[in-house]
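Visitor: Those protein sequence lines, which keep their order, are chains A and B. Take the first sequence: its position 80, counted from the start at 1, is 82 in my numbering, and no numbers get skipped. Take the second sequence: its position 133, counted from the start at 1, is 242 in my numbering, and no numbers get skipped. Would you mind keeping the following structure in view while I ask a few things?
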Amino acid sequence: MELEYLGAWGVVAGVIARFWPVWICLAIVLVLSFAFKPRLGLYGQLFDTGVGIAGVVICLFWLFTAIFAQVISPFDPLAQIFVMKDALPGAIEPASGQAFLFGGDRLARDIFSRMVFGSQIVLVIAPAATLFALMVGTTLGLPAGYYGGRIDSVLSFLANLVLAFPVILLFYLLVTPGIMDTPIPYAMAGVFFLFPIIFFCTLFYTRYKHRTGLLAVQIGLTLLIGGWVYAGLVFDADPLGIISIRPNELNIFVAVVFASSPGVFRIVRGLVMDIKTRDYVAAAQTRGENPWYIMLWEVLPNARGPLIVDVCLRIGYTTILLGTLGYFGLGLAPESPDWGTAIKESSRLLRAFVHPALPPVIALMSFVLGLNLLADALREQSLKD
Amino acid sequence: MIGFITRRLGTMLLTMLCLTLVVFFMVNLEPNLRKLAISQLDMRSSDEHIESWLSKNGYRDNFFVRYGRWLGVVPKQPYVDPDTGTVTPRFGYCNEPAEPHYGGILQGDFGCSTKFKTTVASKLFPALGATGILMFWVMVVMVPVSLLIGVLAGMREGTRTDRSLSVASIATTATPEYVSGVIFTVIFASWLGILNGSAASATREGVNFSNFTLPVMTMAIYGIGYIARMTRASMVEVMTQQYIRTARLKGLAFNAVVIKHALRNALIAPFTVIMLQFPWLLTGVVIVEVMFRYQGFGYTLVEAAGNNDIDLLLGCSLVSVFVVLSTQLISDVGYAYLNPRIRVS
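If you want it as structure tokens, here you go:
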């Protein structure tokens, strides 16, 4: 059966039209941001430079794509429609009359829909894993930098141990189908996911320990929400059944957190060692403040500039790591639509067909580029102050 | 200085010991041992068959005893048939002697690869040589290009050249090897058809322009952006120094100031960055060698990990950890050497 094709302009117009919810949301956010720019602080200042605007727009684009993936994609990312096997871009699927905008892949799936759904996987795992890594790295980096001495030596040695591992070897050891039969990923998840709870409890306790009522509410809420998420993620036993994670995704998550927290640790440690020599820290010490109060409420807020920049860069780096995992077929299911897996699938067949490789490649590159531009603009802004 | 280096070497040995212990633990997890046994026997072997193969080859001995054997502090035992009493070596294809002997890392014996049916040393070192060639060409491309971009961008901060070069280097840091590899292959191999999309022939016929350009380009591009940005930052800082202003006020030409006064000082920081780039290159090597089918270290590592080839994987991790730690050491020592103001405490 002969397939009908859209022309090149038809494909471009089709792609732009399919992204309509993204354009609407992007327009609303940008108009609001420009309107209230002076009141938006650091976020508003991003709109002063071209680099900043480009970064914000690209990141928001992928964020909205992930949110509206269901609306944007014309086909199910896993559905195979046999006539569309290796179809070229713009081929029209006879049954529904919809076009395979970027063509079909080796298994006759719509590449456009897979790219759109791939953004969901990346935009859930990468920022979440980065935030957990930030929590782990900060909670360990603060005392290492502040106290120095033996704590510092031990923690730094451990961090260097992980950093000395080539990332790829770490993933081959930590993310294999076999390891999910062992308790190792769950034990690691159990340890890592404890850190946010510890962090917030200490944060509230050190500041509000004399206001018992407020403290009780804060600690109670932290333990409640933290415990709920913890039960859902680590034991897969969320009583409400909202939070659950598949074992292979937990495995990836844990591996990514494990690989990136030593980096955060080193940065936080360095920042703390610098900031603890400042006068306001000495003042707090003279007042007889608790060391953890000084770390969390005096040092940490003043380290936020470099940390925000680092988080932006790190989300991009985590995206690259996820792509690497997908590229080596580790962890994620082989039919998963994430970008790394799609790149692996298509790069083997580059000699025969080029079109399945380009959409995931460009998607991944543009998202990381957006984050890097954002980080660069943020760095410029924080240097200005 | 000598004390500093010995202390660092001590830490390095300790790190290597810890890391190989961790790797040894991971590859000896039950599912991984089963995978190894199945790959050595065949898919349909029964559980008893797998179990007997594992205990026959000593995989059921105490964990620390086996680690000691690999390290070379506990003698390796040959296999003694309980019924007949005949003694056979564990891995015939590695010429292991049929009597108990010390054969571990400390004796220089890397063990036996179960995947390639040969000694680890005879597999690993040629692979390292092949990767060495790749790394050499990557460095030859990456270092001058990134330094040039960084110096040009940092020479006059805020100009249009600076802006566009900075954005370009941000873009290359957003392009991991598996992305740029695909893009370059599409452009140069599929569309233009001038380069070979696979480096498989480089192993057999030797390196030439057509089969080696794509892997080298792919690997270099990811590092270029990062090194260029560091060079730019260092150059910008140097250009604001007093002695640069003095040199300008003396009436020296701008180019002479840049080349004679600024460059030397601006290139100290990138040196450490380039050395610290090695661990990243190691990951890049794995991706690029798999992508372009080049039989080097990365390819060996993937094969070893995929088949749970215990000795080969341990050998690979030992080598990569050694590379990472020694480049860190070189970068620290080199930094102190290049910059006389820094004294190592």
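Don't be surprised by glycine CBs; every beta carbon is placed ideally from N, CA and C.
Between which two residues does the alpha helix (DSSP H) harbouring B/Glu160 extend?
Guide: The residue you call residue 160 of chain B lines up with position 51 of the second sequence. Segment Asp156 to Lys165, the alpha helix (DSSP H) holding B/Glu160.
Visitor: Quick check: what's the CA-CA separation for A/Thr208 versus B/Pro379?
Guide: The sequence position of residue 208 of chain A within the first sequence is 206, counting from 1. The sequence position of residue 379 of chain B within the second sequence is 270, counting from 1. A/Thr208 and B/Pro379: Cα-Cα distance of roughly 42 angstroms.
Visitor: Put A/His357 into one of helix, strand or coil per three-state DSSP.
Guide: One-based indexing of the first sequence puts residue 357 of chain A at position 355. Correct three-state label for A/His357: coil.
Visitor: Can you check whether the C-beta of A/Asp312 is within less than 9 angstroms of a C-beta belonging to chain B?
Guide: Here the question's residue 312 of chain A lines up with position 310 in the first sequence. Chain B, which has no Cβ nearer than 9 angstroms to the Cβ of A/Asp312, makes this no.
Visitor: Taking 9 angstroms as the threshold (beta carbon to beta carbon), is B/Val453 in contact with chain A?
Guide: Position 344 of the second sequence, counting from 1, holds the residue named residue 453 of chain B. Unreliable positioning characterises B/Val453 in this predicted model, as indicated by a pLDDT of 48, which lies under 50. A coordinate reading is not provided.
Visitor: By Cβ distance below 6 angstroms, which residues in the same chain neighbour B/Ala375 in space, the five residues on each side in sequence not counted?
Guide: On the second sequence, position 266 is the one that residue 375 of chain B refers to. Around B/Ala375: Ser343, Met344 and Val347.
Visitor: A/Pro91 versus chain B: which residues are under 8 angstroms apart at the beta carbon?
Guide: Taking the first residue of the first sequence as 1, we reach residue 91 of chain A at position 89. Neighbours of A/Pro91 on chain B: none; closest Cβ ~14 angstroms, over 8 angstroms.
Visitor: What does the alpha-carbon distance come out to for the pair A/Leu171 and B/Trp389?
Guide: Locating residue 171 of chain A in the first sequence gives position 169, counting from the first residue. Locating residue 389 of chain B in the second sequence gives position 280, counting from the first residue. The straight-line gap from Cα to Cα measures roughly 12 angstroms.
Visitor: If the criterion is Cβ atoms closer than 9 angstroms, does the pair B/Gly334 and B/Ala262 meet it?
Guide: Against the second sequence, residue 334 of chain B aligns to sequence position 225. Against the second sequence, residue 262 of chain B aligns to sequence position 153. Result no, Cβ atoms of B/Gly334 and B/Ala262 do not sit closer than 9 angstroms.
Visitor: If the criterion is Cβ atoms closer than 9 angstroms, does the pair A/Phe104 and A/Val13 meet it?
Guide: The residue given as residue 104 of chain A occupies position 102 in the first sequence. The residue given as residue 13 of chain A occupies position 11 in the first sequence. Yes, the Cβ-Cβ distance between A/Phe104 and A/Val13 is below 9 angstroms.
Visitor: Cutting at 8 angstroms between CB atoms, please list the residues of its own chain near B/Arg116, excluding the five before and the five after it.
Guide: The residue given as residue 116 of chain B occupies position 7 in the second sequence. Nothing listed; no residue qualifies.
Visitor: For the alpha helix (DSSP H) containing A/Pro179, list its first residue and its last residue.
Guide: Residue 179 of chain A sits at position 177 when you count from the first residue of the first sequence. No alpha helix (DSSP H) contains A/Pro179, which DSSP labels as neither H nor E.
Visitor: To the nearest angstrom, how far is the alpha carbon of A/Val259 from that of B/Phe133?
Guide: Residue mapping note: residue 259 of chain A aligns to position 257 of the first sequence, counting from 1. Residue mapping note: residue 133 of chain B aligns to position 24 of the second sequence, counting from 1. One C-alpha to the other measures close to 22 angstroms.
Visitor: What residues in the region 163-191 of chain A bring their beta carbon closer than 8 angstroms to a beta carbon of chain B?
Guide: If the cut-off is 8 angstroms between Cβ atoms, the region 163-191 of chain A has Leu163, Leu165, Ala166, Phe167, Pro168, Val169, Ile170, Leu171, Tyr174, Leu175, Leu176, Thr178, Pro179, Gly180, Ile181, Asp183, Thr184 and Ile186 near chain B.
Visitor: Which whole runs of the beta strand (DSSP E) in the region 400-427 of chain B are 3 residues long or more, in chain order?
Guide: Qualifying beta strand (DSSP E) stretches: none in this window.
Visitor: Give a yes or no on whether the minimum CB-CB distance between B/Glu208 and chain A is below 9 angstroms.
Guide: In the second sequence, the residue the question calls residue 208 of chain B occupies position 99. No, B/Glu208 lies away from the interface with chain A (no Cβ there is under 9 angstroms from its Cβ).
Visitor: Note down, in chain order, all residues in the region 265-293 of chain B with a beta-carbon under 8 angstroms from any beta-carbon belonging to chain A.
Guide: Listed by position, the residues of the region 265-293 of chain B near chain A (Cβ gap below 8 angstroms) are Ser275, Val276, Ile279, Ala280, Thr282, Ala283, Thr284, Pro285, Tyr287, Val288, Gly290, Val291 and Ile292.
Visitor: Kindly identify the DSSP beta-bridge partner or partners of A/Ile94.
Guide: Here residue 94 of chain A corresponds to residue number 92 of the first sequence, with the count starting at 1. DSSP output for A/Ile94 lists A/Glu6 and A/Ala101 as bridge partner(s).
Visitor: Do you know whose CA, among B/Ile258, B/Ile330 and B/Asp418, lies nearest B/Phe293's CA?
Guide: In the second sequence, counting from the first residue as 1, residue 293 of chain B sits at position 184. The candidate whose alpha carbon is nearest that of B/Phe293 is B/Ile330.
Visitor: Starting from the beta carbon of B/Asn305, find every residue of chain A whose beta carbon is closer than 8 angstroms, and list them in chain order.
Guide: As a first step, residue 305 of chain B must be located in the second sequence, where it is residue number 196. Near B/Asn305 there are no residues of chain A at all, since even the closest Cβ is about 11 angstroms away, more than 8 angstroms.
Visitor: Please list, in chain order, all residues of the same chain as A/Pro358 whose beta carbon is under 6 angstroms from its beta carbon, the five residues on each side excluded.
Guide: The residue labelled residue 358 of chain A in the question sits at position 356 within the first sequence. Only Asp107, Ile113 and Ser348 meet the Cβ criterion.
Visitor: Please check if any C-beta of chain A sits within less than 9 angstroms of the C-beta of B/Thr327.
Guide: One-based indexing of the second sequence puts residue 327 of chain B at position 218. Not an interface residue.
Visitor: Please list the partners that B/Ser429 has in chain A, where partner means a Cβ-to-Cβ separation under 7 angstroms.
Guide: If you number the second sequence from 1, residue 429 of chain B lands on position 320. Under the 7 angstroms cutoff, chain A gives Pro168 and Leu171.
Visitor: Spell out the partners DSSP gives B/Lys185 in its beta bridges.
Guide: Stepping through the second sequence from its first residue, residue 185 of chain B is reached at position 76. Its beta-bridge partners are B/His210.
Visitor: Would you kindly work out how many angstroms separate the C-alpha atoms of A/Val53 and A/Pro129, rounded to a whole number?
Guide: Position 51 of the first sequence, counted from the start, is the residue given in the question as residue 53 of chain A. Position 127 of the first sequence, counted from the start, is the residue given in the question as residue 129 of chain A. Using only the alpha carbons, I get a separation of about 21 angstroms.
Visitor: Please classify B/Val453: does DSSP put it in a helix, a strand, or coil?
Guide: Here residue 453 of chain B is taken as the residue at index 344 of the second sequence, counted from 1. In this prediction, B/Val453 scores a pLDDT of 48, lower than 50, which makes its location untrustworthy; the coordinate-derived value is nonetheless stated afterwards. Note: B/Val453 maps to coil in three-state DSSP.
Visitor: B/Phe406 and B/Thr240: beta carbons closer than 9 angstroms?
Guide: By 1-based counting over the second sequence, the position of residue 406 of chain B is 297. By 1-based counting over the second sequence, the position of residue 240 of chain B is 131. Cβ atoms of B/Phe406 and B/Thr240: closer than 9 angstroms.
Visitor: Taking 9 angstroms as the threshold (beta carbon to beta carbon), is A/Ile345 in contact with chain B?
Guide: Position 343 of the first sequence holds residue 345 of chain A. With 9 angstroms as the cut-off, A/Ile345 counts as an interface residue toward chain B.
Visitor: In terms of residue numbering, what span does the alpha helix (DSSP H) encompassing B/Gln149 cover?
Guide: Mapped onto the second sequence, residue 149 of chain B falls at position 40. Where B/Gln149 is concerned, the enclosing alpha helix (DSSP H) stretches over Glu139 to Gln149.
Visitor: Roughly how many angstroms lie between the CA atoms of A/Ile60 and B/Asp170, to the nearest whole one?
Guide: Position 58 of the first sequence holds residue 60 of chain A. Position 61 of the second sequence holds residue 170 of chain B. A/Ile60 and B/Asp170: Cα-Cα distance of roughly 56 angstroms.
Visitor: For the region 382-404 of chain B, which residues have a CB atom closer than 8 angstroms to at least one CB atom of chain A, in sequence order?
Guide: The region 382-404 of chain B vs chain A, Cβ under 8 angstroms: Pro388, Leu391, Thr392, Val395, Ile396, Val399 and Met400.
Visitor: Put A/Asp154 into one of helix, strand or coil per three-state DSSP.
Guide: Against the first sequence, residue 154 of chain A aligns to sequence position 152. It is helical.
Visitor: Tell me whether the beta-carbon of A/Thr140 lies closer than 9 angstroms to the beta-carbon of A/Arg316.
Guide: Here residue 140 of chain A refers to the residue found at position 138 when the first sequence is read from its first residue. Here residue 316 of chain A refers to the residue found at position 314 when the first sequence is read from its first residue. Going by C-beta atoms, A/Thr140 is not nearer than 9 angstroms to A/Arg316.
Visitor: Is A/Thr279 helix, strand or coil by DSSP?
Guide: Taking the first residue of the first sequence as position 1, residue 279 of chain A is located at position 277. It is coil, neither helix nor strand.
Visitor: Relative to chain B, which residues along the region 361-386 of chain A have a C-beta separation below 7 angstroms, given in chain order?
Guide: Against chain B - using a Cβ distance shorter than 7 angstroms - the residues of the region 361-386 of chain A are Val363, Leu366, Met367, Val370, Leu371, Asn374, Leu375 and Asp378.
Visitor: Would you call the region 149-160 of chain A and the region 243-251 of chain A touching, i.e. three or more CB-CB distances under 8 angstroms?
Guide: Contact between the region 149-160 of chain A and the region 243-251 of chain A is absent, because fewer than three Cβ pairs lie under 8 angstroms.
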